[in-house]
Amino acid sequence: MKNRPAQRVSWWQLVLLTLVMPVVIALLLLPARVMATTTDVAMLQLLWVTWVAQYAGQRWAIICTFVSVLLLNLLFVEPYYTLFVHQGDYLITFVVMLLLGIFIARLSGRLRFELARAKKHLRQRQLLAGKARQARMQAELEHSRAMMLRSLSHDLRTPLATIMGASSMLAEQDVALSAEQIREQAGHIYRQASLLNAHFDKVMELSRVQQMQSSVVLATHSINDIISAAIARRAMLLAEQQFEIQLAATDCVADATLLEIALANMLENAVKYGKPPLQITFTRQAGNYRLQVINPVASERKAQRDSSSGLGTAICEAVMHLHQGHFAAAVAENGYFTASLSWPDHPLAHQQQALTDV
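In this text, residue positions in the sequence shown follow the numbering used here: the first is 155, and each later residue adds one.
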């Protein structure tokens, strides 16, 4: 998969972004060389790599990463102004920085590719839609894109900082670490790398939801089957959780795959920011379905922050948009966090199901 920058980005702009700007950033940081560690400089350089990946694409972000690593070695590692590394431990820092830069570039490249596919589907739908609907769908697409990029920047920051900090500690020659401390730092690196992988999976889920805009299949499904499938999607996370399931109805009209993805993200957020037990309720009243996940919050402040941002929220909102419904999440005064999916019943789906059964 190749990533091509947008046509409005000329070659001299790409050279400026990937070759000249890393040099400028390194020179600006040079006066702080005595106080700043190589990890501090590397983190700042990776922030620029992230921006280049979003703006120019995967290939140029990888080039920018290589340039940044060379500048880090040249200007911030003794002996200065040479590429000679007198301490082999610094190679660990360089390798980790290089791998993280490539990971960011590939993740952003995949994101740009999926966005391009979503825009292609959007253009096909625009041929059959009026101008007002075209403008609204374009605005929604741009909103999703902005949310994905904002979440990408926010969610990668802490894992990257932890990985760089742990790897730097392992690379420090002057710091004597016990075997237990080495295992602990290695565990930090593994856990944060797992978080990065989980974030990538979530980006793929949102991309899949967006791609299904033109292929939503509404049919009658067992709500028990959807709940079981959603739990299976997060099997490792939910393996030891306590569930209280209350179903006032047994069936619903929906796209089973989309509803399963949304519920899986609701359960994941409930586990991350709340305490057991997890209560799942499903009701049908006045021709509308409501699927809720309710549990006590572990930290009200933390739950409130997540309820307003993040890819999980974007996925649930996108799924409900395709069902002509809405997603809501809030912390009640009693200290319980409630996330709910609400969407209308679709009589046409019942008629299609009856014809299929015949």
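Backbone N, C-alpha and C fix where the C-beta goes; we use that ideal spot for every residue, glycine too.
The residue from Glu422, Thr435, Asp409 with its alpha-carbon nearest to that of Glu398 is Thr435. Here Thr467 carries a helix assignment [DSSP, helix/strand/coil]. For secondary structure counted as the beta strand (DSSP E) over 3 or more consecutive residues, the segment 368-445 holds these complete runs in sequence order: 373-376, 397-401, 405-408, 432-439.
Within a 10 Å sphere around the beta-carbon of Ala386 sit fewer than 16 other beta-carbons, which makes this residue exposed. In the DSSP assignment, Phe230 falls within the unbroken alpha helix (DSSP H) covering 212-230. Remark: C-beta atoms of Ile415 and Val473 approach each other more closely than 8 angstroms.
Inter-residue distance for Ala403 and Ile377 is about 8 angstroms (C-alpha atoms, whole angstroms).
Out of Leu432, Asp409, Gln478, the CA that lies nearest to the CA of Leu391 is found in Leu432. Classified as buried, Gly479 has 16 or more neighbouring CB atoms from the shown chains inside 10 Å of its CB. Distance between Val174 and Ala340, taken at the CA atoms: about 35 angstroms. It is roughly 33 angstroms from the alpha-carbon of Arg266 to the alpha-carbon of Pro498.
Bounds of the beta strand (DSSP E) holding Ala482 are 480-485.
For Pro498, the beta-bridge partners assigned by DSSP are Asn442. In the pairwise beta carbon analysis, the segment 172-186 is classified as touching the segment 199-215: at least three pairs are separated by under 8 angstroms. Taking every protein chain shown into account, the CB of Gly428 has 16 or more other CB atoms within 10 angstroms, so this residue is buried. Less than 8 angstroms divides the Cβ of Thr192 from the Cβ of Phe230. Val178: member of the alpha helix (DSSP H) spanning 175-183, first to last residue. Per DSSP, Val451 is not a residue of any alpha helix (DSSP H), being assigned neither H nor E. Our two residues, Ala207 and Phe238, have alpha carbons roughly 29 angstroms apart in a direct line.
Look at Thr191 here: in three-state DSSP terms it is coil, with no helix or strand label.
According to the DSSP assignment, Leu168 belongs to the alpha helix (DSSP H) that extends over 165-169. Contact between Phe491 and Asn449 holds, since their C-beta atoms are separated by about 6 angstroms, short of 8 angstroms. Annotated as distal: Ser321 and Val223, with beta-carbon spacing of 8 angstroms or more.
In this structure Ile336 is not in contact with Leu254, their Cβ atoms being roughly 20 angstroms apart against a cut-off of 8 angstroms. Contact annotation: Cys470 and Leu445 have beta-carbon atoms that are not nearer than 8 angstroms. Asp405 sits away from Leu372, with the two beta carbons spaced by 8 angstroms or more.
Tyr244 sits in a helix when the DSSP states are folded into three classes. In the structure shown, Tyr344 falls within a helical segment according to DSSP collapsed to helix, strand and coil.
Straight-line measurement puts the Cα of Pro313 at about 9 angstroms from the Cα of Arg345. Cα atoms of Ala468 and Gln395: separation of roughly 24 angstroms, rounded to the nearest angstrom. With a threshold of 16 other beta carbon atoms within 10 Å, Ser332 falls short and is exposed. Ranking Ala215, Arg187, Leu412 by CA distance to the CA of Leu228 puts Arg187 first. Trp214 places its beta carbon 8 angstroms or farther from that of Leu245.
Taken atom to atom, the span from the alpha-carbon of Met323 to that of Gln241 is near 14 angstroms.
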